[in-house]
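What follows is one structure encoded as structure tokens, with my remarks underneath.
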Amino acid sequence: MRRLPQYAALVAYIVFLAFPLLWLLSTALKTPQEMALTEPTWIPREPTLANFTDAFGEQDLVGAAVRSLIVALFSSVITVLISLPASYAMARYRSLLNRVALGWVLVSQVFPFILIIIPLFMILREMDLVNTLPGLVAVHVTFTLPFALWMLQGYVRAVPPELEEAAAVDGASRLRSIASVVAPLLAPGVVATLLFAFISSWNEFMFALVILQNPDVMTLPLTLVRFTGPEGVARLGPLAAASLMATIPSLIFFAIIQRRLKSGLMTGAVKG
């Protein structure tokens with residue numbers, strides 16, 4: 001009974017987090033007549049799957065989801081592969097240059113991205129990367145990398161250098177000590193960075209809107225916009241159904257990564 005308030009607060013927090021998804025599901029199952037009511041209903045009176053049929057029939061949601069998945073996977077993996085050795089160097093080899101680089105990484109997050117849209121588009125046009133997924137991947141990696149560097153170097157700093165020194169005393173080379181001692185302890189940070197990069201790329205809209213102009217290469221966020229009419233009137237039913245389907249891949253990815261995150265945390269605790 002003494003823990004009852006804690007459980008009540010936890011349930012209220014879960015309901016608060018799940019409310020947008022539940023409301024999206026409710027809207028996707030409503031008829032147009034029910035959505036037009038002045039008093040909204042929580043549970044659909046006459047659930048229908050017509051919105052899902054219309055959504056998949058009008059737009060290529062599957063193809064857009066595949067393209068978004070390709071861009072998100074490549075962006076997240078490349079970001080981690082670049083930021084992992086760079087963050088180790090920034091954390092271990094302390095110098096004025098490293099401090100300046102870390103400060104620039106933090107300052108770069110302050111600038112609004114809208115200021116560089118035109119120069120970025122001109123650069124990509126000169127490289128023939130406009131209307132291509134590799135061009136979008138390059139942009140996502142570029143703008144996710146600073147935060148990934150800042151995140152991972154904090155994890156590297158948390159690993160005591162004495163562990164590497166002890167491995168060196170035992171005869172391990174620098175690369176062997178990094179692979180056998182440091183890498184397992186960085187598993188939680190790598191997984192968290194991978195998850196952050198994936199979600200950022202999956203949900204990104206502004207750069208995709210500028211770079212991708214051909215409907216055949218549009219990602220999922222751009223495809224969802226096409227459910228809005230020229231006068232800004234959205235078709236709520238198909239839009240809710242499409243948006244609900246768009247959340248499923250990210251939820252599945254998070255469920256898979258969450259297990260790795262827990263195992264990495266346990267490994268780090270044991271190794272430490």
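Residue numbers 1 to 272, in UniProt numbering, belong to the letters of the sequence shown in order.
The beta-carbon is built from N, C-alpha and C at its ideal position, and this holds for glycine as well.
Item, Value
"Identity of the residues DSSP links to ALA234 by a beta bridge", "THR228"
"Test item: CB-CB of ALA241 and PHE52 under 8 Å", "yes"
"Inter-stretch contact at 8 Å, needing at least 3 Cβ pairs: the stretch 196–213 / the stretch 249–256", "yes"
"Continuous beta strand (DSSP E) assignments of at least 3 residues falling wholly in the stretch 150–194", "none"
"Residue span of the alpha helix (DSSP H) that contains GLN33, given as start and end", "32–35"
"DSSP-derived helix/strand/coil call for VAL130", "coil"
"Boundaries (first-last residue) of the alpha helix (DSSP H) holding residue 282", "It is not possible to answer for residue 282, since the shown part of the chain is limited to 1 through 272."
"Own chain residues within Cβ distance below 7 Å of residue 296, not counting five before or after", "Any question about residue 296 goes unanswered here, given that the chain covers just 1 to 272."
"Alpha-carbon spacing of LEU29 relative to LEU21, whole angstroms", "13 Å"
"Contacts around LEU10, its chain only, beta-carbon distance under 8 Å, and the 5 residues preceding and following it disregarded", "none"
"ARG226 versus LEU106 - alpha carbon distance", "35 Å"
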